[in-house]
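Taken in order, the sequence shown gives residues 25 to 212; the numbers are from the working numbering. Think of the CB as a built atom: it goes at the ideal place given N, C-alpha and C, for glycine as much as any other residue.
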Amino acid sequence: MDWILFGPPGCGKGTQAERLCAEMGLFHFSTGDVLRDNVARGTELGRQADAIMKRGDLVPDALVIAMVRDKIQSPAVAAQAGVLFDGFPRTIPQAEALEKVLAELGRRLGAVLSLEVPDAEIIERLMKRGRADDTLDTVRARLEVYQRQTAPLIDFYRARGALVALNGVGTIEEVTARLRAATQRTRP
Ligand code: AMP
Numbered sequence: 025m026d027w028i029l030f031g032p033p034g035c036g037k038g039t040q041a042e043r044l045c046a047e048m049g050l051f052h053f054s055t056g057d058v059l060r061d062n063v064a065r066g067t068e069l070g071r072q073a074d075a076i077m078k079r080g081d082l083v084p085d086a087l088v089i090a091m092v093r094d095k096i097q098s099p100a101v102a103a104q105a106g107v108l109f110d111g112f113p114r115t116i117p118q119a120e121a122l123e124k125v126l127a128e129l130g131r132r133l134g135a136v137l138s139l140e141v142p143d144a145e146i147i148e149r150l151m152k153r154g155r156a157d158d159t160l161d162t163v164r165a166r167l168e169v170y171q172r173q174t175a176p177l178i179d180f181y182r183a184r185g186a187l188v189a190l191n192g193v194g195t196i197e198e199v200t201a202r203l204r205a206a207t208q209r210t211r212p
């Protein structure tokens, strides 16, 4: 079964995704990590994504969807119990494409685990993280992009009965425990 870990930038998705994947034997699919790896290796995709990521904008849907289609059919994914998507989907077209790909491949989505963290705390966390795209301007841009393009996915998945909203504030262990409990409630 596949899962989506959803939430605003800085809500702790990356940290939580690593922990859940280790526990549940899932493939951690962070589109941000794959894009950063492409930038570091200087691939064509990396060259196209670099400036966009530095601005805090979204990489075009077509590029991201092609990347997901490719990766989800890889042996590394086949070797795991499922996939945990981290940072994907980020737009309605990406969510629609994901539904299509999962259906084509006979894969099932367990739930969209949505981590809720207040804005003020998010800015503080992002500024502390110090990644290359974590300047104050970029952080503001990413939060705006999130509100405009990504937050609508909450209604998209709620309408499908797939959304599980969880409190993202607390210690790393506390949040992991909430996520774990939510996956256990969702299991068939
Ligand atoms: P993240 O590591 O998830 O915070 O992503 C870092 C940056 O990579 C984002 O600000 C976007 O520029 C780009 N990115 C990652 N995932 C996606 C996605 N699903 N769609 C578009 N852009 C993405």
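Rounded to the nearest angstrom, the Cβ distance from S54 to A46 is 14 Å, too far for a contact under 8 Å. The three-state reading of DSSP puts V107 in strand, counting E and B together. Secondary structure at V193: coil, using DSSP grouped into helix, strand and coil. A straight-line Cα-Cα distance of about 22 Å links E128 and G111. The stretch 135-201 contains, as complete beta strand (DSSP E) runs of 3+ residues, the segments 187-191 (chain order). CA-to-CA, the gap between V63 and L150 works out to about 21 Å. When the five nearest sequence neighbours on each side are left out, the beta carbons in the same chain lying within less than 6 Å of the beta carbon of G34 are those of I146, R149 and L150, in order along the chain. In the structure shown, the three-state DSSP call for D81 is coil. Under the three-state reduction of DSSP, L29 is assigned to strand.
Distances from the CA of D57 to each of K95, M25 and L44 were compared; the closest alpha carbon is that of K95.
Counting only the Cα atoms, F51 lies some 26 Å from A183.
In the three-state reduction of the DSSP assignment, L133 falls in the strand class, which pools E and B.
For G56, the enclosing alpha helix (DSSP H) begins and ends at T55 to R65. Between R166 and D157, the CB-CB gap stays under 9 Å.
Residue pairing by DSSP leaves L44 without any beta bridge partner. In the DSSP assignment, P99 falls within the alpha helix (DSSP H) that extends over P99 to A102.
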